[in-house]
Amino acid sequence: MDDPLLQRLDAIPGVNRVTIENVLAEIGVQMDRFPTAEHLASWAGLCPGNEESAGERKRRRTTKGNVWSRRALCEAAWAAGRSKDTYFQAQYRRLTGRRGKKRAIVAVAHSLLVVFYQLSKDKPLEYHELGGNYFDTLDPIRLRRHLVKRLESLGYEVTLAERSAA
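Counting from 1 along the sequence shown, just add 669 to a position and that's the residue number in my numbering.
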């Protein structure tokens with residue numbers, strides 16, 4: 670792998686060289702024809718549908734798009750969802766409980782495509798892993814309330830005290 674773009678894309682968890690080659694063969698290296706990552710996701714068929722009639726949402730299927738890039742990204746999303754202590758694994762586990770496995774995979778594939786877009790568009794940009802605890806650090810007060818509620822629902826009485834700095 671002598672190409673710097675291939676090396677940067679290979680740093681993404683769940684993505685291997687075959688996936689990179691398939692996606693770049695379908696999308697191309699020049700990202701100028703896509704103004705934003707959302708345009709690319711729509712072209713690839715990895716964005717949610719938005720069919721609405723009389724203020725009621727009718728259908729939430731993904732849009733039709735490029736079958737080959739979508740398939741390669743979903744395959745990479747399955748691998749990224751099973752990787753250890755990564756952002757994509759945390760995203761997959763977070764969405765699986767609410768939405769189901771397949772919808773979570775499409776969401777992770779969408780996130781992978783956004784990372785592909787950003788790394789391909791900005792040449793000096795490198796991939797930086799956010800970690801498996803990224804969503805826990807976003808709002809620690811909300812997480813604390815949630816965990817206290819879970820313990821109370823299991824029948825425990827919970828009292829919290831600040832830890833003294835040692």
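Quick reminder that beta carbons are idealized off the backbone N, C-alpha and C, glycines included.
| Query | Result |
| --- | --- |
| Candidates Ala776, Cys716, Arg763: closest to Leu744 by CA position | According to the sequence as given, residue 744 is Glu; it is not Leu. Out of Ala776, Cys716, Arg763, Ala776 has the C-alpha closest to the C-alpha of Glu744. |
| Same chain, Cβ closer than 7 Å to Gly626, neighbours up to 5 away in sequence not counted | This structure does not reach residue 626, given that the chain is present from 670 up to 835, and the question cannot be answered. |
| C-alpha distance - Asn685 paired with Ala710, whole-angstrom precision | 20 Å |
| Exposure label - His797; buried when at least 16 CB within 10 Å | exposed |
| Beta-carbon proximity of Pro682 to Ala749, cut-off 8 Å | yes |
| Inter-residue Cα distance where the pair is Arg739 and Ala746 | 10 Å |
| Which of helix, strand or coil DSSP assigns to Thr731 | strand |
| Pairwise C-alpha distance: Ile810 and Glu821 | 17 Å |
| Every unbroken alpha helix (DSSP H) within the segment 706-788, with a cutoff of 4 residues, ordered by chain | 706-713, 736-750, 756-768 |
| Touch test, the segment 785-794 against the segment 691-710, Cβ-Cβ under 8 Å, three pairs minimum | yes |
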